[in-house]
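Enquirer: Numbering of the sequence shown is given in my numbering, commencing with residue 2 and proceeding in unit increments. We put the CB at the ideal spot given by N, CA and C, even for glycine.
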Amino acid sequence: MQFKSLFALLSALALSSASPLRRRCSNDTIPTPTSSIPTPPAATTATLPTTGSGTQLAGPDPATLKHILVGHGIQNYTCTAVNATATSIGALAVLWDITSLYPGSSSSSLSAADFNTLTSKVLRTTAMPLNLAADGSGADVASPFPTPVDLTINGVIGTIKFLGHHFFDNANTPTFDLSGADDGELFKGKKDAGISAPADADKGEDPVTSAVDWLRLSDKGTSTGVSLVYRVLTAGGNPEHCTVAGQTQSIPYAAQYWIYSN
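1) Please give me, in chain order, every unbroken run of the alpha helix (DSSP H) with length at least 4 that falls completely inside the segment 131 to 183.
2) Report the residue from Tyr231, Ala256, Val213, Ala143 whose alpha carbon sits nearest the alpha carbon of Pro240.
3) Any idea what DSSP makes of Asn84, helix, strand or coil?
4) Just the C-alpha distance for Thr48 and Asp62, rounded to the nearest angstrom, thanks.
5) Looking at Lys189: is its Cβ nearer than 8 Å to the Cβ of Ser219?
6) For Lys191, which residues from the same chain have a beta carbon less than 7 Å from its beta carbon, with the 5 sequence-adjacent residues on both sides left out?
7) Return the chain-ordered ranges of every beta strand (DSSP E) run that is complete within the segment 221 to 247 and spans a minimum of 3 residues.
8) If we count the other Cβ atoms within 10 Å of its Cβ and call it buried at 16 or more, is Gly139 buried or exposed?
9) How would you write the range of the beta strand (DSSP E) that Val71 sits in, first residue to last?
10) Grab the span of the beta strand (DSSP E) containing Ser262 for me, first residue to last.
11) Go to Asp193, then tell me how far its beta strand (DSSP E) extends in each direction, as first and last residue.
12) In whole angstroms, what separates the C-alpha of Lys204 from that of Thr244?
13) How far does the alpha helix (DSSP H) with Asp115 in it reach, from first residue to last?
14) Use the C-beta contact count for Gly185: other C-beta atoms within 10 angstroms, 16 or more gives buried, fewer gives exposed.
15) Excluding sequence positions up to five away, which residues of its chain have a Cβ less than 6 Å from the Cβ of Thr100?
16) Check Thr46 in the structure and name its three-state DSSP category.
17) Would Pro147 be called buried (16 or more neighbouring beta carbons within 10 Å of its own) or exposed?
And the structure:
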């Protein structure tokens with residue numbers, strides 16, 4: 002990934018907001034969604050989460066799971082008119098590898114309940130992992146991503162390995178630069194499908210909106226080492242009501258990203 006172009010391209014996404022970006026959520030009470038991963042047997046294979054009812058995202062077969070990641074950052078929006086629905090203009094997030102935390106997969110695994118609510122915990126109890134603009138309105142235009150560091154989550158054994166960054170390029174393509182994987186993994190995708198998050202998913206706080214959709218993204222044709230990405234178990238991230246034409250918003254969110262390759 003060419004970082005010189007990365008940061009130039011991100012300038013179109015890291016816009017100033019009409020209201021200041023909240024750096025982290027203050028309420029550490031973690032909502033418990035009804036949709037969940039069943040408590041696994043002693044030996045288990047990671048299974049892509051579902052919302053529990055209704056239409057689901059198409060599965061990954063025959064692709065193979067490479068990583069389960071947690072992402073924390075902001076969803077960016079703009080408002081074309083008063084009372085209009087805000088339009089997405091991309092996202093910025095830092096990604097960490099939580100594959101070993103999947104229930105039953107290792108000595109450091111979480112319970113199914115804790116794994117299901119991990120995105121809420123990251124959103125509400127860890128600091129926003131981006132360099133913010135001086136006025137707190139969004140990510141810094143020149144340098145949105147700080148020096149990579151592993152993540153510490155209260156109640157989780159050890160630290161969570163940094164794996165990369167998520168952003169949108171100059172063609173508005175969702176991009177995952179997994180530089181921490183050390184094997185050149187890069188994904189540029191297109192949206193295959195999206196479904197609403199469960200009604201009881203974490204709506205975020207400061208601001209309270211709702212959880213962004215779950216997504217299935219497939220390779221746009223220029224990816225390396227990754228063929229599919231799913232966004233699931235989302236927390237926060239949807240925009241607020243548009244009150245001013247031209248208003249921009251940067252809404253904190255967290256999500257799990259399941260990374261697959263053929």
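Expert: In short, the structure shows the following:
1) none
2) Val213
3) coil
4) 11 Å
5) no
6) Leu218, Ser219, Lys221
7) 229 to 237
8) buried
9) 65 to 79
10) 249 to 262
11) 186 to 196
12) 20 Å
13) 113 to 117
14) exposed
15) His68, Ile69
16) coil
17) exposed
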